[in-house]
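Student:
In our numbering, the protein residues as written are 13 to 415.
1) Counting C-beta neighbours from all protein chains within 10 Å, is the total for residue 391 16 or more, i.e. buried, or is it exposed?
2) Say whether the segment 200-213 touches the segment 228-245, bearing in mind that this needs 3 or more beta-carbon pairs closer than 8 Å, one atom from each stretch.
3) Cutting at 6 Å between CB atoms, please list the residues of its own chain near residue 265, excluding the five before and the five after it.
4) Output yes or no for whether 9 Å exceeds the beta carbon distance between residue 36 and residue 101.
5) Starting from residue 59, follow the alpha helix (DSSP H) in both directions and report where the run begins and ends.
6) Report the rounded CA-to-CA distance for residue 223 versus residue 259, giving the unit in angstroms.
7) Compare the Cα-Cα distances from residue 272 to each of 302, 52, 240 and report the closest residue.
8) I'd like to confirm the pairing. Which residues does DSSP put opposite residue 29 in its beta bridges?
9) Would residue 163 be called buried (16 or more neighbouring beta carbons within 10 Å of its own) or exposed?
10) Output needed for residue 99: all residues of its chain with C-beta closer than 8 Å, excluding positions within five of it in sequence on either side, in chain order.
11) Apart from the five residues just before and just after residue 33, which ones in its own chain have a Cβ nearer than 8 Å to its Cβ?
12) Would you mind working out which of 83, 395, 202 sits nearest residue 110, comparing C-alpha positions?
13) Among residues of its own chain, excluding the 5 on either side of residue 94, which ones have a beta-carbon nearer than 8 Å to its beta-carbon?
14) Specify the secondary structure class of residue 297 as computed by DSSP and reduced to three states.
15) Where does residue 51 sit, in a helix, a strand or coil, going by DSSP?
16) Between the C-alpha atoms of residue 23 and residue 168, what's the straight-line distance to the nearest angstrom?
17) Spatial neighbours of residue 106 within its chain, please: CB distance less than 8 Å, with the 5 preceding and 5 following residues excluded, ordered by chain position.
18) Comparing alpha-carbon positions, which option in 314, 263, 317 lies nearest residue 291?
19) Assess, as a yes-or-no matter, whether the segment 144-152 is touched by the segment 15-30 under the definition of 3 or more beta carbon pairs within less than 8 Å.
20) Thinking C-beta only, is residue 343 closer than 9 Å to residue 371?
21) Under 9 Å between the Cβ atoms of residue 192 and residue 178?
22) By how many angstroms is the C-alpha of residue 296 removed from the C-alpha of residue 200?
23) Would you tell me roughly how many angstroms separate the C-alpha atoms of residue 349 and residue 228, rounded to the nearest one?
24) Cα-Cα, which of 226, 171, 76 is closest to residue 412?
25) What span of residues does the alpha helix (DSSP H) with residue 312 cover, start to end?
26) Output the residue ranges of the alpha helix (DSSP H) runs that lie fully inside the segment 190-228 and measure 4 residues or longer, sorted by chain position.
27) I'd like the list of long-range same chain contacts for residue 134, defined as Cβ closer than 6 Å, with 5 residues on each side in sequence excluded.
28) Indicate whether the contact test is met: 3 or more Cβ pairs, each with one atom in the segment 304-311 and one in the segment 328-342, closer than 8 Å.
29) Is the distance from the Cβ of residue 136 to the Cβ of residue 48 below 9 Å?
30) If you draw a straight line from the alpha carbon of residue 250 to that of residue 397, how long is it in whole angstroms?
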């Protein structure tokens, strides 16, 4: 069946005369069946030539429609947020426009034939062509397909060069951030939206002090990227908080963070990573009211049997209590965690060290020097290294992703 369609599509003939009956057969615009218009009479060559000239004109209009429709829909599509539904819609729209164009051409050709030669019968367009000639037509058709594929490849080749140019421009040695932004603009104007191009352009804009533009790019990349959480999303959300705060307020940054984070499907570990980033940001900006509730909600969302993730998230929660200077509640949380870890040393022996040290620091902040000393000893951490285990955070800075 597929071979039959290839033969129909590859056949360039538009007219033939049936020598046994003298009938004239014109090829119509159907592609699969009933592809011929049969006249049971002889038609002068001059009239046939005029009919075929008209057919050529219609074919030219149709080919132009193919080209313009493809180009127009392509450029509309690449400037919309990608989704499978939109892709299917544009494919259906392309088929609809092209089919409509063929139907219009078919109508005009039908009117021409009726007006000049009268009514015709529908038949199959089967010119008496030897197999050798059919094979030549098929070979020529395949060559055209290959040429189209090569043309597509040539169209896509500059995208690779542009990506390389953008990456190269962002290297610290080259310091071509403005050029990176310009190349990114060219890429996004010609090729489908690529999340990593937006990441690179956001970095270039940040380095050229276009903070608002960088923020828009991070929001855009979060809109168009997959719902699946990736390692690149960590950088995107960190920089989203920083840039939104710079442009508006820290509270609005947290609100927008919360809005975008709900679009991602994450594992408990990834959720805890994101909550850690947001909580540190909130502590840094004195927005600590919701931190404990967020940890409570995350712990409540876990499966009852997921004891490992509950343990680690609870450790983060105790850490945040310390950073919030809620030392008394932090000590209570560490008491529970240490008891659990002691009962499950096989799984959490390494964690016990840091838990004892962190509780020791909390006790020291509460003035319990003796209790702190006992915890330091229990941690088995060298005295010179204990300072490294005090809960602390660094002020947020822009994070440059690796491209």
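All C-beta atoms in this analysis are idealised placements derived from N, C-alpha and C, irrespective of residue type, glycine included.
Tutor: Taking the structure as given:
1) Here residue 391 corresponds to residue number 379 of the chain shown, with the count starting at 1. By the 10 Å Cβ count, residue 391 comes out buried.
2) yes
3) The residue you call residue 265 lines up with position 253 of the chain shown. Contacts found: 253, 256, 257.
4) Within the chain shown, the letter at position 24 stands for residue 36. Within the chain shown, the letter at position 89 stands for residue 101. Going by C-beta atoms, residue 36 is not nearer than 9 Å to residue 101.
5) In the chain shown, the residue the question calls residue 59 occupies position 47. Run containing residue 59: 57-90, per the alpha helix (DSSP H) assignment.
6) Against the chain shown, residue 223 aligns to sequence position 211. Against the chain shown, residue 259 aligns to sequence position 247. Cα to Cα, the separation comes out at about 8 Å.
7) Position 260 of the chain shown, counting from 1, holds the residue named residue 272. When each option's Cα is compared against that of residue 272, the closest is 240.
8) Looking up residue 29 in the chain shown gives position 17. Beta-bridge pairing links residue 29 to 36.
9) Taking the chain shown and counting its residues from 1, one reaches residue 163 at position 151. Classification for residue 163: exposed.
10) For the purposes of this step, residue 99 is identified with residue 87 of the chain shown, where counting begins at 1. Counting only Cβ-Cβ distances below 8 Å, and skipping sequence neighbours, we find 89.
11) Here residue 33 refers to the residue found at position 21 when the chain shown is read from its first residue. Once the five neighbours on either side are set aside, the close Cβ partners of residue 33 are 52.
12) For this step, residue 110 is matched to residue 98 along the chain shown. Taking only the C-alpha atoms, the option nearest residue 110 is 83.
13) Start at 1 with the first residue of the chain shown, and residue 94 comes out as number 82. Contacts found: 204, 205, 236.
14) As a working mapping, residue 297 is identified with position 285 in the chain shown. In the three-state DSSP reduction, residue 297 falls in the coil class, being neither helix nor strand.
15) Here residue 51 is taken as the residue at index 39 of the chain shown, counted from 1. Here residue 51 sits in strand by DSSP.
16) For this step, residue 23 is matched to residue 11 along the chain shown. For this step, residue 168 is matched to residue 156 along the chain shown. Residue 168 has its alpha-carbon roughly 30 Å from the corresponding atom of residue 23.
17) For this step, residue 106 is matched to residue 94 along the chain shown. Closer than 8 Å at Cβ, skipping near neighbours: 81, 82, 85.
18) The residue labelled residue 291 in the question sits at position 279 within the chain shown. Shortest Cα-Cα distance from residue 291 to any of 314, 263, 317 involves 263.
19) Contact between the segment 15-30 and the segment 144-152 is present, because at least three Cβ pairs lie under 8 Å.
20) Here residue 371 refers to the residue found at position 359 when the chain shown is read from its first residue. Here residue 343 refers to the residue found at position 331 when the chain shown is read from its first residue. It is a contact, given that the beta carbons lie within the stated cut-off.
21) Stepping through the chain shown from its first residue, residue 192 is reached at position 180. Stepping through the chain shown from its first residue, residue 178 is reached at position 166. Yes, they are a contact pair.
22) Stepping through the chain shown from its first residue, residue 200 is reached at position 188. Stepping through the chain shown from its first residue, residue 296 is reached at position 284. The C-alpha of residue 296 is placed about 36 Å away from the C-alpha of residue 200.
23) Translated into the one-based positions of the chain shown, residue 349 becomes position 337. Translated into the one-based positions of the chain shown, residue 228 becomes position 216. Cα-Cα distance, rounded: 42 Å.
24) Translated into positions along the chain shown, residue 412 becomes position 400. Nearest C-alpha to residue 412: 226.
25) Taking the first residue of the chain shown as position 1, residue 312 is located at position 300. Unbroken alpha helix (DSSP H) run through residue 312: 303-313.
26) Counting only runs of 4 or more, we get 207-219.
27) Against the chain shown, residue 134 aligns to sequence position 122. Closer than 6 Å at Cβ, skipping near neighbours: 46.
28) yes
29) As a position in the chain shown, residue 136 is number 124, starting the count at 1. As a position in the chain shown, residue 48 is number 36, starting the count at 1. Yes, these two residues count as a Cβ contact at 9 Å.
30) Position 238 of the chain shown, counted from the start, is the residue given in the question as residue 250. Position 385 of the chain shown, counted from the start, is the residue given in the question as residue 397. Rounded to the nearest whole angstrom, the CA to CA distance from residue 250 to residue 397 is 29 Å.
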